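S.K.:
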Amino acid sequence: MPAHPGTRTVVTQTDDGEVTLAPEVNEEFSDATLPVGWSTIPWDPGGGATVNGGSLNVDGARTGTDATYGPGRSLEFVSTFGVGMYQHMGFGNDFNAAPWAIFSTKDTSDSLFARTSNGSSSTDTLIPGNWRGAPHRYRIQWTDSSVIFFIDGNQMVSHPIIFDPVTQKMRPLVSDFYVGGPSLSVDWLRMSGYVPSGTFTSRVFDGGQSVTWRSASWTADTPAGTSITLSIRSGDTANPTMAHGPPLSSFRARA
Ligand SMILES: [Ca+2]
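Under my numbering, the first residue of the sequence shown is numbered 11, with each subsequent residue one higher.
1. In the DSSP assignment, the beta strand (DSSP E) including residue 137 goes from what residue to what residue?
2. Output the distance between the C-alpha atoms of residue 25 and residue 211, rounded to the nearest integer angstrom.
3. Looking at the secondary structure, which residues open and close the beta strand (DSSP E) in which residue 66 lies?
4. Please state if the CB of residue 72 and the CB of residue 208 are separated by a distance shorter than 7 Å.
5. Would you report the Cα separation of residue 128 and residue 117, rounded to the nearest angstrom?
6. Going along the chain, which residues of its own chain have a beta-carbon closer than 6 Å to the beta-carbon of residue 110, five neighbours each way excluded?
7. Do residue 142 and residue 93 have their C-beta atoms within less than 7 Å of each other?
8. Do residue 120 and ligand 1 come close, with the Cβ less than 6 Å from some heavy atom?
9. Taking a contact to mean a Cβ-Cβ separation below 7 Å, would you say residue 159 touches residue 96 in this structure?
10. Check whether the Cβ of residue 54 lies closer than 6 Å to any heavy atom of ligand 1, and answer yes or no.
11. Confirm the yes/no value for this check: CB of residue 143, any heavy atom of ligand 1, distance under 6 Å.
12. For residue 241 and residue 178, what's the separation of their Cα atoms in angstroms?
13. So, under 8 Å CB-CB, residue 202 and residue 34 are touching, yes? Tell me the CB distance rounded to an integer number of Å.
14. Name the one or two DSSP bridge partners that residue 49 has.
15. Roughly how far, in whole angstroms, is the beta-carbon of residue 74 from the beta-carbon of residue 57, given that I think they are within contact range, below 8 Å?
16. To the nearest angstrom, how far is it from the Cα of residue 130 to the Cα of residue 173?
17. Straight-line CA distance for residue 85 to residue 154?
18. The beta strand (DSSP E) that contains residue 197, what's its start and end?
19. So if DSSP puts residue 177 in a beta bridge, which residue, or which two residues, is it bridged to?
20. How big is the Cα-Cα spacing for residue 243 and residue 106?
21. Between residue 69 and ligand 1, is the CB less than 6 Å from at least one heavy atom?
22. Under a three-way DSSP split, which group does residue 236 fall into?
23. For a test of the three-state rule: what should DSSP assign to residue 95, helix, strand or coil?
24. Name the DSSP beta bridge partners of residue 80, please?
25. Using the Cβ count rule (16 or more neighbours within 10 Å means buried), how would you classify residue 65?
26. Taking the Cβ atom as the reference point for each residue, do residue 68 and residue 193 lie within a distance shorter than 7 Å?
27. Determine the extent of the beta strand (DSSP E) in which residue 125 is found, giving its start and end residues.
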């Protein structure tokens, strides 16, 4: 069977390669250039963004998607905030003015804040702890009436706030204000929504001899309302097309 990664699924690198439904935005920054559909605007001459080693590094610029989105989105990313002031990452328009819903160093060298603003209502909440200079997994959940901030799977802050869904659309945006010195780096970034369904077909594994396959097991995360079904194909051929037995959904899933 030829390499066939499937339809409407992607392989992510959260741990070491996982199959997941395709999200609206999915960037591993594994190429040497900025992803298609992303743009960088320097804050000052010399500022910019580079992609190398699987990371996006923004210095003296802001980088984000060209497309903007309304509420009902969850933005998740692994980033390293440097010791520099005025590093922001999350939802924003251009960071010149509201709206925004971001993790931000604000005007400090050692602290991290959860910040939201719709122009008329602004809230900055200090997040206790030392988050700078090391990668952490951040998530910003933007609903119709609130923005909820998570770090490493733990809810840290919740701000009740309403953004105008028409005039205050936002984009995933990464910003480091000062040219030179610390930059803001991003390992990967994903934003919901996810396609409702997808398939993935693995490459053929050659047993090398006649084998009676007896069991299959897998590791899966299935959030509420979702499910996963596995099927197997086998045969004395490099191109097995015959599916054997029922789908393995009830077989053994370790979630
Ligand atoms: Ca900088």
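Cβ coordinates follow ideal geometry from the N, Cα and C atoms, glycine included. The structure displayed is predicted, hence computed values, not measured ones.
M.R.: The structure says:
1. As a working mapping, residue 137 is identified with position 127 in the sequence shown. First-last of the beta strand (DSSP E) with residue 137: 132-137.
2. The count along the sequence shown starts at 1 and reaches residue 25 at position 15. The count along the sequence shown starts at 1 and reaches residue 211 at position 201. Those two C-alpha atoms are separated by around 20 Å.
3. Residue numbering aside, residue 66 sits at position 56 when the sequence shown is read from its first letter. Its beta strand (DSSP E) spans residues 65-69.
4. Here the question's residue 208 lines up with position 198 in the sequence shown. Here the question's residue 72 lines up with position 62 in the sequence shown. It is not a contact, given that the beta carbons lie outside the stated cut-off.
5. Locating residue 128 in the sequence shown gives position 118, where the first residue counts as 1. Locating residue 117 in the sequence shown gives position 107, where the first residue counts as 1. Distance between the alpha carbons of residue 128 and residue 117 is about 20 Å.
6. If you number the sequence shown from 1, residue 110 lands on position 100. Excluding residues within five positions, the ones whose Cβ falls inside 6 Å are 102 and 127.
7. In the sequence shown, the residue the question calls residue 142 occupies position 132. In the sequence shown, the residue the question calls residue 93 occupies position 83. Cβ distance < 7 Å, so residue 142 and residue 93 count as in contact.
8. Taking the sequence shown and counting its residues from 1, one reaches residue 120 at position 110. Because no heavy atom of ligand 1 lies under 6 Å away, the Cβ of residue 120 does not count as near it: no.
9. Reading the sequence shown from its first residue, position 149 is the one you call residue 159. Reading the sequence shown from its first residue, position 86 is the one you call residue 96. Cβ atoms of residue 159 and residue 96: not closer than 7 Å.
10. As a working mapping, residue 54 is identified with position 44 in the sequence shown. No - ligand 1 has no heavy atom lying nearer than 6 Å to the Cβ of residue 54.
11. As a position in the sequence shown, residue 143 is number 133, starting the count at 1. No, the beta carbon of residue 143 sits no closer than 6 Å to any heavy atom of ligand 1.
12. As a working mapping, residue 241 is identified with position 231 in the sequence shown. As a working mapping, residue 178 is identified with position 168 in the sequence shown. Straight-line Cα distance between these residues: approximately 44 Å.
13. Here residue 202 corresponds to residue number 192 of the sequence shown, with the count starting at 1. Here residue 34 corresponds to residue number 24 of the sequence shown, with the count starting at 1. Indeed, because the Cβ distance is near 6 Å, the residues count as touching under 8 Å.
14. Taking the first residue of the sequence shown as position 1, residue 49 is located at position 39. Its beta-bridge partners are 74.
15. The sequence position of residue 74 within the sequence shown is 64, counting from 1. The sequence position of residue 57 within the sequence shown is 47, counting from 1. In fact, because the Cβ distance is near 14 Å, the residues do not count as touching under 8 Å.
16. Taking the sequence shown and counting its residues from 1, one reaches residue 130 at position 120. Taking the sequence shown and counting its residues from 1, one reaches residue 173 at position 163. Roughly 10 Å separates the two Cα atoms.
17. For the purposes of this step, residue 85 is identified with residue 75 of the sequence shown, where counting begins at 1. For the purposes of this step, residue 154 is identified with residue 144 of the sequence shown, where counting begins at 1. Cα to Cα, residue 85 sits roughly 15 Å from residue 154.
18. Translated into positions along the sequence shown, residue 197 becomes position 187. Secondary structure note for residue 197: its beta strand (DSSP E) is the uninterrupted segment 194-204.
19. Along the sequence shown, read from residue 1 onward, the residue named residue 177 stands at position 167. DSSP lists no bridge partner for residue 177.
20. As a working mapping, residue 243 is identified with position 233 in the sequence shown. As a working mapping, residue 106 is identified with position 96 in the sequence shown. Their Cα atoms are separated by approximately 55 Å.
21. As a position in the sequence shown, residue 69 is number 59, starting the count at 1. The answer is yes for residue 69.
22. For the purposes of this step, residue 236 is identified with residue 226 of the sequence shown, where counting begins at 1. In the structure shown, residue 236 sits in coil (DSSP, three-state: anything other than H, G, I, E or B).
23. Within the sequence shown, the letter at position 85 stands for residue 95. It is coil, neither helix nor strand.
24. For the purposes of this step, residue 80 is identified with residue 70 of the sequence shown, where counting begins at 1. Residue 80 is not bridged to any residue.
25. Position 55 of the sequence shown holds residue 65. That one is buried.
26. By 1-based counting over the sequence shown, the position of residue 68 is 58. By 1-based counting over the sequence shown, the position of residue 193 is 183. Yes, they are a contact pair.
27. The residue labelled residue 125 in the question sits at position 115 within the sequence shown. From DSSP, the beta strand (DSSP E) with residue 125 extends over 122-127.
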